[in-house]
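Colleague: Following this message is one structure expressed as structure tokens.
Printed below as a string of structure tokens:
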């Protein structure tokens, strides 16, 4: 096909091999991946495409870089301690002077405080999600939902400040004393008098509860909103009350989505640093496991000690803590996204009615 | 049932109201002019301020914005344009992962990446760490906003012969701009409130004062580049970091300043969040009325 040239500048570039990239048979319609790239580049968008691809690759490189630098930095500690670093021990060490470290009390501290937060925050968050998604009067929905999300906007260090001077003395100490005097007599988990300052794993767990409620309730609310209306209508048409609809139809339907929300909240609770560091009391070898005693988490140990760590082993041990944290939250995030994705697929395919 | 669930909702709001009221009450007491204009004074002396932290916060946040906004928006352009390519899927996955990494681990990464090779703590390292925290928010909101732009707009532009970059920057970006700016404001609010990544990237500096660095640089006949790198390569302080340090000290005047800093930071963060959501709300109302 020949085009009559109108002027030099406006002569369109018709590739010699015909449209479709020129390599292989020209197929009308769909372009193969390599042909699409070549077509893009031919139109002079080389720089733009390369730049945005480079930025995308940069994101991936950052993620990989974090994992890699944690791996590298912890080499000395991994070589010296191997798996015994994270293994359960009865006698714990966290000894920068003699370079002996066991991370087990820190791991249990992290898991305990996070677990307390999850156990307390999940029911509250699910109730909030039910209220905002189903039962709330329409006019109040936006303001109330917004206010719950504002809780997530408060900086962690402000939570910590309020925690030390207000929440611990006013709430945690009385609750701790009550638990210690009643359950603490026969359950080791609640044993021992709580310090007068209130600094304890319980305090950290309670503050974490407050901090993850917005996350878990927001995702749960999205799950409930995504359940197809037909489910509700079918239940109501069969004579179910509002509560029966919620508890017997909606909750089971959205259960895996709520599980995803809980896992996301757990991930946040595991990685939370400042508020926990300020209220947990910093005792990295406290081995009784009691909630009422001061302890430490992996994040709080890093925050407290890294700037002053002198020996190579100490620094390396702290970076290994960072490696464990990174691995944990990575796995949790993958699991949570997978669950939420599975729920959304189920709603998309299951809405045929 | 309404009663029970409504009760829990209000119950969850109690800590928020409590924190806001308490921080405001405590913080207002220490709010005065010298708080904003002076460096920390020695213990026992009156009229100290937190100018080092205020300037440091602005500096670190600026560096973080300059890094994260271009990178985030360009990556969002790629993800919005090619969502189903391997790289597009990987970018979305990487963004999710980055948003879940604990902020202290990001601080460790900033230390390993910049502080250790350079040999000193700096605002640059802090800015890089905060930018890693800001990027996922910016990518997510920008990508959502770009996807909301009608496909016909993009196709019309390309059909008229505009190259891809012009379509993106001059057609699609202005169409999505209010959402993108909302995302940037939310990311800034989050970045300003972060402490853990700054613990060992900027370290803290009671004597940090940009005006002084610039003045001595000018007197010493340094070039703009040298003065600039001088400002960026010192240990710095931020409001959140100084607040944390002061909260650990047993001196009432330090603790009072911590409360006032908490008030300033919380006010900024809450105002930014409210503004961002108001913008979205007004936008939706305008759209709804069309």
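Chains as they are written, first to last, in the numbering used here: chain F, 3 to 355; chain H, 501 to 790. Even for Gly, the Cβ is constructed at its ideal location relative to N, Cα and C.
1) Would you report the Cα separation of residue 334/F and residue 534/H, rounded to the nearest angstrom?
2) What's the C-alpha gap between residue 775/H and residue 554/H?
3) Roughly how many angstroms separate the alpha carbons of residue 755/H and residue 199/F, rounded to a whole number?
4) Taking Cβ-Cβ distances below 8 Å as the criterion, which residues of the segment 661-682 of chain H are in contact with chain F?
5) Name, please, each residue of chain H whose Cβ falls closer than 7 Å to the Cβ of residue 275/F.
6) How long is the line joining the alpha carbons of residue 18/F and residue 586/H, rounded to whole angstroms?
7) Is residue 563/H buried or exposed, if buried means 16 or more other CB atoms sit within 10 Å of its CB?
8) Let me make sure I understand the geometry here. Which of 531/H, 510/H and 509/H has the alpha-carbon closest to that of residue 549/H?
9) Anyone know if the C-beta pair for residue 639/H and residue 579/H falls short of 8 Å?
10) Check this for me: beta carbons of residue 627/H and residue 560/H, under 8 Å apart or not?
11) What are the start and end residues of each continuous alpha helix (DSSP H) run of 4 or more residues lying completely inside the segment 533-585 of chain H, in chain order?
12) Name the chain H residues whose beta carbon is nearer than 7 Å to that of residue 164/F?
13) Taking only beta-carbon atoms, is residue 24/F less than 8 Å away from chain H?
14) List the DSSP bridge partners of residue 703/H.
15) Are the C-beta atoms of residue 335/F and some chain H residue less than 8 Å apart?
16) Cβ of residue 634/H less than 8 Å from any chain F Cβ?
17) Can you tell me which of 614/H, 771/H, 651/H and 539/H puts its alpha carbon nearest to the alpha carbon of residue 794/H?
18) Who are residue 102/F's beta bridge partners in DSSP?
19) Assuming residue 57/F and residue 166/F make a contact with CB atoms under 8 Å, what is their CB distance in whole Å?
20) Below 7 Å between beta carbons is the criterion; list the residues of the segment 692-725 of chain H that meet it against any residue of chain F, in chain order.
21) Do residue 744/H and residue 757/H have their C-beta atoms closer together than 8 Å?
22) By how many angstroms is the C-alpha of residue 346/F removed from the C-alpha of residue 684/H?
23) Using a cut-off of 9 Å between C-beta atoms, extract the partners of residue 134/F located in chain H.
24) Would you kindly work out how many angstroms separate the C-alpha atoms of residue 157/F and residue 696/H, rounded to a whole number?
25) Identify the continuous alpha helix (DSSP H) that holds residue 656/H and give its terminal residues.
26) In chain order, what residues of the same chain lie with their CB nearer than 7 Å to the CB of residue 592/H, ignoring the 5 residues before and after it?
27) Are the segment 705-721 of chain H and the segment 655-666 of chain H touching by the rule of at least three beta carbon pairs closer than 8 Å?
28) Is there a Cβ of chain F sitting closer than 8 Å to that of residue 466/H, yes or no?
29) Give me the residue from 139/F, 264/F, 233/F and 101/F with the minimum Cα distance to residue 122/F.
30) Would you mind stating whether residue 290/F and residue 98/F have Cβ atoms separated by less than 8 Å?
31) Any idea what DSSP makes of residue 596/H, helix, strand or coil?
32) Would you say residue 597/H reaches chain F, if we count a Cβ-Cβ gap shorter than 8 Å as a contact?
33) Could you tell me whether any Cβ in chain F is nearer than 8 Å to the Cβ of residue 747/H?
34) Do residue 700/H and residue 781/H have their beta-carbon atoms positioned less than 8 Å apart in this structure?
35) List the residues of chain H that residue 309/F touches, going by C-beta distances under 7 Å, in chain order.
Modeller: In terms of the structure at hand:
1) 47 Å
2) 22 Å
3) 16 Å
4) 663, 664, 665 and 668
5) 602, 603, 604 and 696
6) Low per-residue confidence applies at residue 18/F: pLDDT is 47, beneath 50, and the placement is therefore not dependable, though the value from the model is reported in the following sentence. Their Cα atoms are separated by approximately 30 Å.
7) buried
8) 531/H
9) yes
10) yes
11) 533-537 and 551-581
12) 519, 522 and 523
13) Residue placement at residue 24/F is poorly supported in this model, since its pLDDT is 45, which falls under 50; the coordinates still yield a value, given next. Closer than 8 Å: no.
14) 736/H
15) yes
16) no
17) Only positions 501 to 790 of chain H appear in this structure, which leaves residue 794/H out of reach.
18) 97/F
19) Not confirmed; about 41 Å, so no contact.
20) 693, 695, 696, 699, 700 and 703
21) no
22) 28 Å
23) 505 and 509
24) 11 Å
25) 651-659
26) 579
27) no
28) The question about residue 466/H has no answer here: the residues shown for chain H are numbered 501 through 790.
29) 264/F
30) no
31) helix
32) yes
33) yes
34) no
35) 699, 700 and 703
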